[in-house]
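Using the UniProt record's numbering, the first residue of the sequence shown is number 1, and each one after it goes up by one. For glycine and all other residues, C-beta sits at the position ideal for the given N, C-alpha and C. This structure is a prediction, so every number in the text was calculated from the model and none was measured. Heads up: the structure comes next, in structure tokens.
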Amino acid sequence: MLESHSKSASSVSTREKSEAGNICLLLFLYILQGIPLGLSASIPMILQNRNISYKEQATFSLALWPFSVKLLWAPLVDSCYWPSMGRRKSWMVPAQYLIGVFLLVLSYSLDTLLGSEDDPSTRPNILFLTSIFFALNFLAATQDIAVDGWALTMLSKEKVGYASTCNSVGQTAGFSIGFVVLLVLESKDFCTNYLGLQSSLVTLDGYFFFWGLVFLVTTSFVWACKTEDDSKDSDNQLGFQDTYKMLLTILKKHDIQRCVLVLLTCKIGFAATDALTALKLTEAGVPKDKLALLSVPLTPLLLPFIISRYTAGRYPMNVFNRAYPFRVVMGLVFAAVIYVTPQFADADGVYHAPYYALIVFVYMLNSVAQNCMFVAVMAFFAVISDPSVGGTYMTLLNTFTNLGGNWPTWVALRYVSDLTWSSCLPDALNATVAAGSTCDSTTLKEACLAAGGKCATTIDGYYVESFIGFFVGLLWFVLWGAKEVNRLQRLPTSSWLVSSRGKKDSRVKRSD
């Protein structure tokens, strides 16, 4: 009996160690996934000091779209694979290898592609950068699809709840490695003032090269040492064609169409704030490494758990409706902060602790409103999603949520220059600047400088877009948004179901 008990205890201990190893592996894979996202997010901050236009920033923002539209190829990843390699590794391994190769190749050409901060004649190659980082994020999104699926079979039923935690923590950590760590350690000023070094600790090309090697080495290790158990995959999982048919069936529902319209329009009111504020701070002389560091205390690790107490129940979107006006108003608050920012700089253009405290405070207020809306929307999706079609329903709604943030951001970046008016003022005694000269195009700017003048902004498009966004957001909420959101969340659960099986499941839940 003692021997049997000893064997049982040993078996449990071995299983727990195996589970712990699987959780660590899953966390590491999600960290790897977040790194390309962080690297992509750092590029606009770097480009802002390379004298590029906001239209070019809008072009580069397209590189971040793959995660928003991964639903288009997710069914292919879930249904097509090489059995000898494994259902998930068939996509994850090639995707991670290609990410590693992309990073290695980029490390040898990144300086040329980004241009020089000191030499205005060397312009960044925006189209090529956009194409490369679009491909990089496409691969990261493909890896995300594969790892999400693998998590469900890698962990036991008792531990599968840790998958979402690994996803959240891992992606956040990976993003910080690619964004915060890069911008901080690549900054000569930070390394000189805080680390006592004579130069930056890392270079852009060296950082990309290092993580390219990490991707190649760790992917080889996972491929060789970790096996899959495809037998755990659900037998009733939808096939490639069936998934797309199900998506079309869902989209044909009238209430889903109304919900999609809400998701695609609700973020117009704060598009300028989300897209331009950090770039405007960089333009005003706030060091990008300081902005990166400020994002660390703003990382919402505990806030979603606190908010979830108020979104639990049948009507989670009540929290959304309460937070929405506050977030719209924050657009004007950010505009005011940007307007007074130059007054906080000393004679050398350096910003000190009181200003950074103000920035952290304002960003924290915005983060609270932002997370209230996000958690409420996710809770609403969980309430209305048809349980009979697995994650397809939720993924579809998440896709439109992401698109609803991406397209207004692109519009804000694309047209802010067109809404900006600049005048050409004499900059020297012998300047030959004609009265009424403007700097509203690259040609006119060059003509102004050639005539001995300087360009001064008369009306900044950021403020124009901020005020337009405020009024559009307010009108959206008062005239339609709040009522429509309230109507949608009060529909019976059966209104969202797409199959007789789902309706049966719903009746069973209610009877329970």
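- With the rule of 3 Cβ pairs closer than 8 Å, the segment 273-287 does not count as touching the segment 474-481.
- In this structure, the alpha-carbon of L114 lies about 46 Å from that of D386.
- Each residue's CA atom was taken as its position, placing N398 and L71 some 9 Å apart.
- With a cut-off of 8 Å on Cβ pairs, the segment 32-40 is in contact with the segment 131-149, counting three or more such pairs.
- Ranked by Cα distance from L110, the first of F133, C455, W496 is F133.
- Between K454 and L425 the beta-carbon gap is near 6 Å, inside 8 Å, which marks them as a contact.
- Contact annotation: the segment 309-325 does not touch the segment 351-367, with fewer than three C-beta pairs closer than 8 Å.
- A straight-line Cα-Cα distance of about 11 Å links G331 and Y324.
- Judged by their CB atoms, Y162 and L182 are not nearer to each other than the 8 Å cut-off.
- The DSSP-derived three-state label of I307 is helix.
- For the pair E186 and V169, the CB atoms are not nearer than the 8 Å cut-off.
- In this structure A74 touches I145 by the C-beta definition: roughly 5 Å separates them, less than 8 Å.
- Contact between the segment 408-416 and the segment 55-65 is present: 3 or more CB-CB pairs across the two stretches fall below 8 Å.
- Contact annotation, V485 with I250: C-beta distance approximately 19 Å; criterion of less than 8 Å not satisfied.
- Annotation note: the segment 16-66 contains the following uninterrupted alpha helix (DSSP H) runs of length 4 or greater, listed N- to C-terminal: 54-61.
- Distance from the CA atom of L155 to the CA atom of G149, rounded to whole angstroms, is 11 Å.
- Counting only residues of its own chain and dropping the five nearest sequence neighbours on each side, L136 has a CB closer than 6 Å to the CB of P36, F102.
- Put simply, the segment 454-473 touches the segment 334-344. At least three CB pairs are less than 8 Å apart.
- Comparing C-alpha distances from M92 to each of N167, W476, S220 shows the shortest one belongs to S220.
- In this structure, Q370 is the residue among S308, P342, Q370 with its C-alpha nearest to the C-alpha of F326.
- In this chain, the alpha helix (DSSP H) harbouring K288 covers 288-294.
- Judged by DSSP secondary structure, G206 falls within the alpha helix (DSSP H) whose first and last residues are 204-225.
- Taking 4 residues as the minimum length, the alpha helix (DSSP H) runs contained wholly in the segment 321-405 are 353-384, in order along the chain.
- Here A41 has F179 as same chain residues with Cβ atoms under 6 Å from its own Cβ, once five neighbours each way along the sequence are excluded.
- The DSSP assignment places 74-79, 89-114 as complete runs of the alpha helix (DSSP H) inside the segment 70-141, in order along the chain (cut-off: 4 residues).
- Within its own chain, the residues whose Cβ lies closer than 7 Å to the Cβ of V377, once the five positions on either side in sequence are excluded, are F320, T401, listed in chain order.
- In this model, Y97 and N22 are separated by some 21 Å (Cα to Cα).
- For I468, the uninterrupted alpha helix (DSSP H) run begins and ends at 461-476, by DSSP.
- According to the DSSP assignment, F190 belongs to the alpha helix (DSSP H) that extends over 188-194.
- The three-state secondary structure of K267, taken from DSSP, is coil.
- In this structure, T265 places its C-beta atom within 8 Å of the C-beta atom of G404.
- Within its own chain, the residues whose Cβ lies closer than 6 Å to the Cβ of T59, once the five positions on either side in sequence are excluded, are I126, T130, listed in chain order.
- With contacts defined by Cβ atoms closer than 8 Å, V184 and F190 form a contacting pair.
- Contact annotation, G473 with V328: C-beta distance approximately 4 Å; criterion of less than 8 Å satisfied.
- In the DSSP annotation of this structure, the continuous segment of the alpha helix (DSSP H) that includes F240 starts and ends at 240-251.
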